[in-house]
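Right, one structure below, let's go through it.
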Amino acid sequence: MDATAIALQAGIVGGGGAGFPTHVKLSAKAGCFIVNAAECEPLIEVDKFLVRTRANDLVRGAVEMAGAVGADRVVFAVKKAYTKEVDCLNAAIEAQNLPLDVSVFGMRTFYPAGDEQLISLLVTGKSVPERGLPVDVGAVVDNVSTVLNFYDATQGKPVTHRVLSVTGAVREALILRAPIGTPVRMCLDAAGEVTEGSSLVMGGPMMGKYYNASEIDDLVIKKTDGNILVLPPGHKLHAMAGADILKLQNRARSSCIKCRMCTDLCPRYLSGHNVNPHVVMQNFYRIDHIADPEEFQRAFGSAMNCSECGLCENYSCPMMLSPRRVNAYVKTRLAEKGVNPERNMRPMARSFFGERLAPTARLTARLGLSRFVRHLGDGLVELKPSRVRLPLKQHLGVACVPLVSEGERVSEGDLIAAVPEGKLGANLHASISGAVLAVNNETILIG
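The following block contains the structure:
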């Protein structure tokens, strides 16, 4: 079985966030395979843990995936400050007789170091085209969790569990291994009781999805969940995330001081892309009154190149405005009007690129999260829920189709839902053994 078939059968998707089906990525051809071990967002610890505890498997999996895309070298992109992790990777590389060039690339500690376009730029020296992919500059990038899932798949193990960290305002920050579909509440209980009025972020503070405490009981662990962040009651990040578009529009009109810091520190702008959030913010108040398509594109077209990393609103803007959320909204308006600005296919990183990268420690302080920084060890808490609820769509693409019926017994690792023929998606496997308690067009419940 070739690598794409292995990834498809095992239900592997990108473990770093969006969940792009890995079998599709492995069908590309590139000269360099990059393992993203940069642990992008503040407070997240899981990739570092996996590097320390499974370095040999990680190297083997990366070499296999590199072979699938035709790469002649493997590069582990990891922050230089992660000295233990760098040592583990170097030891694993030296201990194996590898068929191609494998090396560790030391990165500075900045945000968003884990952005695959920035990693590609740093490793290859080439900026990815606007709205393009690393493969456009000869690279394929995969997250640590993704590579380990692929290695496990070569050993006959489909994706059934997720290793994740629980951080923030909890009694004990920790690393968990949980079956897919485990209630988030169970993960939080393992870390200690959550204070009433706290809010929850699935992911990191910059690009994660925010929830109120009242929504926790509806959440389960998915293949893409690498961290649970608990914010204390009244934290400013949750208040910012809850602002509606009208409020953002009024704030932009009344408070933007035209300093253009949101643009000057934007990672995409620094890499050479046309991204001008200061222009978008200064015109946002009149978005409903611009009738001319060319003027609309001049005012808002650069939003199409925004990665929505959130640096502009949580680090750059001295007025605490929200260029990221405004850009995200403007993208929908551009799509409605059929506006698709021409892409720059040969961007060049700006000469001051390296001078304006945002230090992660400074960002963490501005987020008001420095007191929650804890460097976790190698301990792992195994969760064993008696019941799991598995969403049929945990990735980019379409939902998979159930292959089991209510009352049927399944074992951990059994295929229970499959990708429709010819569609983009990922297979789903039972994460625990038991009976199928319910099946609908959104989830499968096993207990």
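So the sequence shown is numbered by the numbering used here: it starts at 1118 and just counts up by one.
Every residue, glycine too, gets a C-beta built ideally from N, C-alpha and C.
Residue i to residue j span [Cα, whole Å]
i	j	result
His1512	Ile1210	31 Å
Val1318	Val1163	16 Å
Leu1484	Thr1380	19 Å
Met1323	Arg1488	17 Å
Pro1435	Leu1354	15 Å
Val1518	Ser1371	49 Å
Leu1451	Phe1267	38 Å
Phe1069	Gln1272	In this structure the chain extends from 1118 to 1564, so residue 1069 is not present and cannot be described.
Ile1338	Val1311	17 Å
Tyr1328	Val1287	16 Å
Glu1158	Gly1133	11 Å
Leu1167	Gly1494	11 Å
Cys1205	Val1130	25 Å
Arg1169	Val1397	43 Å
Leu1332	Ser1316	It is Glu, not Leu, that sits at residue 1332 in the sequence shown. Roughly 9 Å separates the two Cα atoms.
Gly1427	Ala1416	20 Å
Asp1253	Gly1136	20 Å
Thr1477	Phe1469	18 Å
Glu1529	Glu1411	56 Å
Thr1200	Ala1535	41 Å
Val1203	Ala1127	29 Å
Asn1207	Ile1374	48 Å
Where the alpha helix (DSSP H) through residue i begins and ends
i	result
Tyr1268	1261-1271
Asp1164	1163-1170
Ala1212	1200-1212
Leu1480	1477-1483
Arg1190	Taken as a continuous stretch (DSSP letters only), Arg1190 belongs to no alpha helix (DSSP H), being part of the beta strand (DSSP E) at 1190-1196.
Pro1508	First-last for Pro1508: 1505-1508, but that is the beta strand (DSSP E), not the alpha helix (DSSP H).
Asn1461	First-last for Asn1461: undefined, no H or E at that position.
Range of the contiguous beta strand (DSSP E) that encloses residue i
i	result
Pro1394	Looking at the DSSP string, Pro1394 is not in any beta strand (DSSP E); the run it does join, the alpha helix (DSSP H), is 1394-1400.
Met1224	1218-1224
Cys1149	1149-1153
Thr1284	1278-1285
Lys1243	Run containing Lys1243: none; DSSP gives neither H nor E here.
Lys1326	1326-1329
Minimum C-alpha distance to residue i - residue among the options
i	options	result
Gly1320	Val1264, Asp1335, Asp1334, Leu1348	Leu1348
Leu1265	Ala1535, Asp1232, Ala1154, Gly1325	Ala1154
Asp1189	Pro1464, Thr1312, Val1180, Leu1305	Val1180
Val1527	Leu1562, Ile1374, Arg1473, Ile1404	Leu1562
Asp1269	Leu1507, Val1176, Gly1564, Thr1284	Val1176
Lys1196	Glu1156, Glu1411, Ile1292, Val1505	Glu1156
Arg1248	Arg1504, Ala1307, Gly1136, Gly1418	Gly1418
Ala1212	Ala1330, Pro1138, Asp1334, Ala1172	Ala1172
Arg1377	Glu1411, Cys1429, Arg1403, Lys1274	Cys1429
Val1152	Val1141, Lys1165, Ser1144	Lys1165
Ala1194	Ser1220, Asp1119, Leu1215, Ala1145	Ser1220
Gly1359	Lys1326, Ile1374, Asp1342	Lys1326
Ile1549	Leu1486, Pro1275, Pro1251, Met1224	Pro1275
Ile1407	Lys1364, Ile1374, Lys1454, Cys1373	Lys1454
Asp1259	Gly1178, Asp1335, Asp1334, His1492	Gly1178
Close-in-space but distant-in-sequence residues of the same chain around residue i (CB under 8 Å, 5 per side omitted)
i	result
Gly1255	Ala1147, Gly1148, Cys1149, Thr1241, Lys1243
Gly1351	Gly1314
Met1465	Ser1244, Gly1389
Asp1409	none
Cys1304	Leu1281, Val1283, Leu1293, Ala1295, Ile1338, Ile1345, Leu1500
Arg1460	Pro1246, Glu1247, Arg1248, Gly1249
Ala1185	Asp1119, Ala1120, Thr1121, Leu1143
Leu1486	Pro1159, Leu1160, Gly1285, Pro1322
Arg1473	Asp1381, Leu1382, Leu1387
Own chain, CB closer than 7 Å to residue i, minus 5 neighbours either side, in chain order
i	result
Val1490	Leu1160, Thr1481
Ala1183	Phe1150, Val1191, Leu1217
Ala1198	Thr1226
Leu1532	Leu1520, Asn1544, His1546
Leu1235	Pro1229, Pro1384, Ser1388
Gln1414	Val1456, Pro1458
Arg1506	Gly1298, Val1337, Thr1560, Leu1562
Glu1289	Ala1308, Gly1309
Gly1564	Ser1503, Arg1504, Gly1551, Ala1552, Leu1554
Met1224	Ala1155, Ala1194, Val1195, Lys1196, Lys1197, Ala1230, Leu1239
Own chain partners of residue i with C-beta closer than 6 Å, once the 5 adjacent residues on each side are dropped
i	result
Pro1516	The question names Pro, but residue 1516 in the sequence shown is Ala. Here the set comprises Leu1509, Lys1510.
Ile1362	Tyr1446
Asn1393	Thr1380, Ser1419
Phe1401	Gln1366, Ala1369, Val1443
Tyr1432	Ala1475, Leu1480, Arg1483
His1140	Thr1121, Ala1124, Leu1125
Ser1237	Val1245, Pro1251, Val1254, Ala1256
Gly1343	Val1163, Leu1281
Fill in: Segment contact, 8 Å Cβ cut-off, at least three pairs: the region 1272-1283 with the region 1299-1316
yes
Worksheet item: Does the region 1213-1233 come close enough to the region 1440-1452 that 3 or more CB-CB pairs lie under 8 Å?
Response: no
Discussion item. Counting beta carbon pairs with one atom in the region 1519-1537 and one in the region 1548-1556, are three or more of them shorter than 8 Å?
Written reply: yes
Discussion item. Would you call the region 1419-1427 in contact with the region 1376-1391, where contact means no fewer than 3 C-beta pairs closer than 8 Å?
Written reply: yes
Item to complete: Pair every Cβ in the region 1496-1509 with every Cβ in the region 1120-1132, then say whether three or more of these pairs are closer than 8 Å.
Response: no
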